[in-house]
Ligand SMILES: Cc1cc2nc3c(=O)[nH]c(=O)nc-3n(C[C@H](O)[C@H](O)[C@H](O)COP(=O)(O)OP(=O)(O)OC[C@H]3O[C@@H](n4cnc5c(N)ncnc54)[C@H](O)[C@@H]3O)c2cc1C
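Structure, rendered in C-alpha cells:
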C-alpha cells in the first residue's frame, strides 16, 4: 500500500491530501531560495502526501506509523519560515493547522493553553476578547502558527517588553518519533534537573511535534506613547539603544534604522529625510514620562513622532512585499532578489559586527540595509535586508549564495550568533557546527537518542539520518 493509503486507513481519508496543488504548496517554506526556485521554474521534489491530524492522538498515530515504516516526516505549521526549514521532497508532510483549538484560559494565572496549529490572529482575537495579549508580534503574525513559533524560537517585534517566545512558554505537550506523548508540568519555575521540555523550543521539527502550548499572557495595554529620535551616526543610535535597554524604562518597541534601512522605511514619504532613525513606543502607566526620559537619555534630536504611528500601521507589510518582490513584479524588476539575515551580539561587539557585515554585504548587494531591534541589557539583534536587481534568475541564485557565505562568515568572525530568531533550517546548517562548538556533538547525540532512525525533518539544523 502507498503511504497515502495507509495514512488514510489510520486517520481517515479526508485527513490525507495528494492533489498536486496540495503537494506543491507544502514542498517548501517561504525562504528566498524556495521563492526563487519557484519563479525560475527550477524543478523541486514533492512530498508523498500531506496529512492533517486534528488531535494529539492522531499525531501520535502518524509518528508511530512513520517510525515503524521508517518514513521521513516534515512538520508544517503556517509554512512562513524563511530558512529552508521545510524541504519536504519524498517525505510525508504533517500539516498541523487542524490542531486549531484554543483549549483553556486561566484568568487567575494569566495562562492560555492552545493547540499548536492556531494561527497568530486567531489567538490574538481570543485573547483580546478576554482583555489580554500575548505580546508576540512577528511580522509574519498572520501566516504563522503557535507551534511554528515554538519550533523556530521566534521573536516578535515587541520583544523589548514582552520577551521572545521562550519567555512566554509555561508548559507544552509534544509527541516524539514513535508516538510517545510528553507533557510538561505548568508551573512558574522548578528546579527539577535540566529543563527537558525546552529541547523542543527551536528544534525545528527535528525531535518531535509540538501539539499544545501553555503561554503567559498580559493585560492589553491602555496607554501608548510614541517617540522618534534622529542621530548623525549609527554608532550614536546604538549607544542610545544600549542606554535605554539598561535603563529599566521598559520600552515596548525599539527599532533603530541605519540610513539605508531608513530610506526603505520612508520610501513612500519623500518629504522625510532618511538618516539614522530610532522609533520608540512605551506602554502602560507612565508611558509618556518614560518616553520623554528615553529621548533625553538618547542624546539624539527629537524627530517626527507620527513616523512611529506609520510603523504600527504598516508593521506587517513585509509579508506581502516579499512575495511581490520575489514574484518579479516589484521595483527590483523581473529578476529581483531580496533576503534578510538576522544576527545577534553583545553591546561590546555590536559595532564591529555591524561594520564587518555591512561592509562585506554592501559589496555584493544593490542595497544592504540594517536595523537594530530586539534589545537586551547585554546586546541586541542586527537585521540586514539585502536587495538586488539581477540580470537573470541564474545570476540571482549565485548572488544569493554569496550573500549567505559572506554574511555568515563575517558574522562568525566578528563573534556574533548566526541567528537571532529565524532559526537555522537548511540555509544556515553549514555554519551551525562552528556556531555551537563542542555543543554540536551534544546536539547530534540528543538527536540520535530521540530520533534514532532520523525520520524527523531530516536535513533541518544539519541533522540527517543517524
Ligand atoms: C515576511 C516574513 C516576516 C517574518 N517575520 C518574523 C518575525 O518578526 N519574527 C520571527 O521570529 N520570525 C519571522 N518570520 C519567520 C517565520 O514566520 C517564523 O519562523 C515562524 O515562527 C514560523 O512559523 P510557522 O508556523 O509558519 O512555521 P513553519 O514555517 O511551518 O515551520 C517552521 C519550522 O518549524 C517546524 N514546525 C512547524 N510547526 C511545528 C510543530 N508544531 N512542532 C514541531 N515542529 C514544527 C517545521 O518543520 C519547520 O522546520 C517571518 C517570515 C516572513 C515570511
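In our numbering, the protein residues as written are 344 to 809. Cβ atoms here follow ideal geometry from the backbone N, Cα and C, with glycine treated the same way.
- Of the residues 507, 467, 713, the one whose Cα lies closest to the Cα of residue 730 is 713.
- Bounds of the beta strand (DSSP E) holding residue 447 are 445-449.
- Taking 8 Å as the cut-off, one finds no heavy atom of ligand 1 near enough to the beta carbon of residue 678.
- In the structure shown, residue 731 adopts extended strand secondary structure according to DSSP, grouped into three states.
- At least 9 Å separates the beta-carbon of residue 803 from that of residue 379.
- Nearest to residue 648 by alpha-carbon distance, out of 591, 689, 610, 625, is 625.
- In the structure shown, the three-state DSSP call for residue 680 is strand.
- Counting other Cβ atoms within 10 Å of its Cβ, residue 690 reaches 16 or more and is therefore classed as buried.
- Out of 346, 549, 646, the CA that lies nearest to the CA of residue 575 is found in 646.
- Between residue 405 and residue 396, the CB-CB gap stays under 9 Å.
- In this structure residue 362 is not in contact with residue 390, their Cβ atoms being roughly 12 Å apart against a cut-off of 8 Å.
- Looking at the backbone, the Cα of residue 772 and that of residue 779 are separated by about 11 Å.
- For the options 639, 518, 586, 627, the alpha carbon positioned closest to that of residue 571 is the one of 639.
- For residue 458, the pairing in a beta bridge is given by DSSP as 555.
- In the assembly as shown, residue 418 is a buried residue. Its beta-carbon has 16 or more other beta-carbons within 10 Å.
- Across the set 550, 346, 710, 697, the C-alpha of 697 shows the shortest separation from the C-alpha of residue 751.
- Residue 444 sits away from residue 394, with the two beta carbons spaced by 9 Å or more.
- When secondary structure is reduced to three states using DSSP, residue 419 falls in the strand class.
- Counting only runs that start and end inside the segment 722-804, the alpha helix (DSSP H) elements of at least 4 residues fall at 736-756, 775-779, 782-793.
- Per DSSP, the continuous alpha helix (DSSP H) segment holding residue 663 begins and ends at 661-669.
- Around the beta carbon of residue 611, fewer than 16 other beta carbons lie within 10 angstroms, which makes this residue exposed.
- Here DSSP, grouped into helix, strand and coil, assigns residue 507 to coil.
- The beta carbon of residue 735 sits closer than 8 Å to the beta carbons of 678 from its chain, once the five residues preceding and following it are set aside; these are given in chain order.
- Proximity to residue 799 across 365, 345, 412 peaks at 412, based on C-alpha coordinates.
- Within a 10 Å sphere around the beta-carbon of residue 674 sit fewer than 16 other beta-carbons, which makes this residue exposed.
- Of the heavy atoms belonging to ligand 1, none sits nearer than 8 Å to the Cβ of residue 445.
- In the displayed model, residue 424 falls within coil according to three-state DSSP, outside both helix and strand.
- Using a cutoff of 8 Å, the CB of residue 522 does not count as near ligand 1, since none of the ligand's heavy atoms is closer than that.
- Measuring C-alpha to C-alpha distances from residue 548 to each of 623, 494, 486 identifies 494 as the nearest.
- Residue 717 places its beta carbon 9 Å or farther from that of residue 561.
- DSSP lists 419 as the beta-bridge partner residues of residue 438.
- Between the segment 592-599 and the segment 506-525, the count of Cβ pairs shorter than 8 Å is below three; the stretches do not touch.
- In this structure, residue 568 and residue 469 do not form a Cβ contact; the two beta carbons are roughly 28 Å apart against a cut-off of 8 Å.
- Cβ neighbours of residue 524 within its own chain (closer than 7 Å, five residues either side excluded): 399, 403, 516, 518.
- One alpha carbon belongs to residue 473, the other to residue 446, and they sit about 14 Å apart.
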